[in-house]
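In our numbering, the protein residues as written are 34 to 208. Ideal Cβ placement from N, Cα and C applies to all residues, glycine included. Just so we're clear, the structure is a prediction, and the values are computed from it rather than from any experiment.
1) Run through DSSP, which three-state label would residue 189 get?
2) With burial defined as no fewer than 16 other Cβ atoms inside 10 Å of the residue's Cβ, what is the status of residue 156: buried or exposed?
3) Could you check whether residue 171 and residue 123 sit closer than 8 Å to each other, using their CB atoms as the reference points?
4) Pairs of beta-carbons, one from the region 182-193 and one from the region 126-144, closer than 8 Å: are there three or more?
5) Please state whether DSSP places residue 105 in a helix, a strand or coil.
6) Using CA atoms only, rank isn't needed, just tell me which of 174, 153 and 168 is closest to residue 97.
7) What does the Cβ neighbour count give for residue 151, buried or exposed, with the cut at 16 atoms within 10 Å?
8) Is the beta carbon of residue 189 sitting closer than 8 Å to the one on residue 103?
9) If distances are taken between C-alpha atoms only, which option among 105, 147, 95 and 110 comes closest to residue 180?
10) In the DSSP assignment, the alpha helix (DSSP H) including residue 164 goes from what residue to what residue?
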């Protein structure tokens, strides 16, 4: 085999290997983003549980209402709790939109001919900042909700949520 043919075969192998690695990398990133998006859809945009319509907070209202009923909360307590959730959902709406825009920006970066790593890092940092803000707001809402309940009701809620967690963990082990 001549040196030119050998060089050409070597270049084809490198090119083929490069295409394969690029495809694997992009595929992995897209799969990761899809999983991340599914997780956000299941937990963030749909509230505290997997019920309700995306972005409408129905799951939050329904979940809090059920928890308060199980705790034996009165109508005034339930009304205060639903108002806390309404305000929290309204506060979270801009963060949901920012998260959607961030995901779109990441897809644009990854679909470009050249990957702008600096811009990708900026989007990552912004997503983490938004997630931190959302976490702080939800923690505030949880504390506000807890203050609506009596100490005995909070203990009932905590025990109920522990049982729910245990059931979910057991279910996850089976799947």
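Taking the geometry as given:
1) Helix at residue 189.
2) Burial is judged here by how many other beta carbons sit within 10 angstroms of a residue's own beta carbon; residue 156 has at least 16 and is buried.
3) The beta carbons of residue 123 and residue 171 sit no closer together than 8 Å.
4) Between the region 182-193 and the region 126-144, the count of Cβ pairs shorter than 8 Å is below three; the stretches do not touch.
5) Looking at residue 105 - three-state DSSP - the assignment turns out to be coil, as it is neither helix nor strand.
6) Of the listed residues, the one whose Cα sits closest to residue 97 is 174.
7) Flag for residue 151 reads exposed.
8) Contact flag set, yes.
9) The residue from 105, 147, 95 and 110 with its alpha-carbon nearest to that of residue 180 is 110.
10) 150-181 is the extent of the alpha helix (DSSP H) around residue 164.
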